[in-house]
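Residue numbers (my numbering): 1 to 106.
Using N, Cα and C, we set each Cβ at its ideal position, and we do this for glycine too.
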């Protein structure tokens with residue numbers, strides 16, 4: 001059994017940057033990527049994924065397209081940064097890969 005790693009925003013940003021094509025990574029600063037991460041966690045909270053007893057069934061598996069659409073909508077609504085929807089999708093996928101990389105494996 002491996003030791004459960006804790007979510008670290010700085011590590012997440014570095015990890016995400018490594019998954020992005022260079023031209024996409026160069027378009028955004030760390031704060032922009034952190035902003036996407038924050039919206040992802042807002043979505044988790046809104047949809048009950050952060051509840052301790054939240055058992056996720058196959059039917060409730062995370063829908064990356066819905067998550068990316070939510071992030072894009074929130075970014076447009078807030079107007080703090082302009083991001084290409086394709087870039088948002090790549091950042092979301094990178095964040096999810098980071099989460100998988102720190103999960104406890106039994």
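Note on the stretch 37-88: whole alpha helix (DSSP H) runs with a minimum of 4 residues are 64-78, in chain order. Excluding its 5 nearest sequence neighbours in each direction, residue 50 has C-beta neighbours in its own chain below 7 Å: 44, listed in chain order.
Rounded to whole angstroms, the Cβ separation of residue 38 and residue 13 is 12 Å, and the two are not in contact under 8 Å. Take the alpha-carbon of residue 91 and the one of residue 67: they are about 11 Å apart. Counted as a single uninterrupted DSSP element, the alpha helix (DSSP H) harbouring residue 11 occupies residues 9-19.
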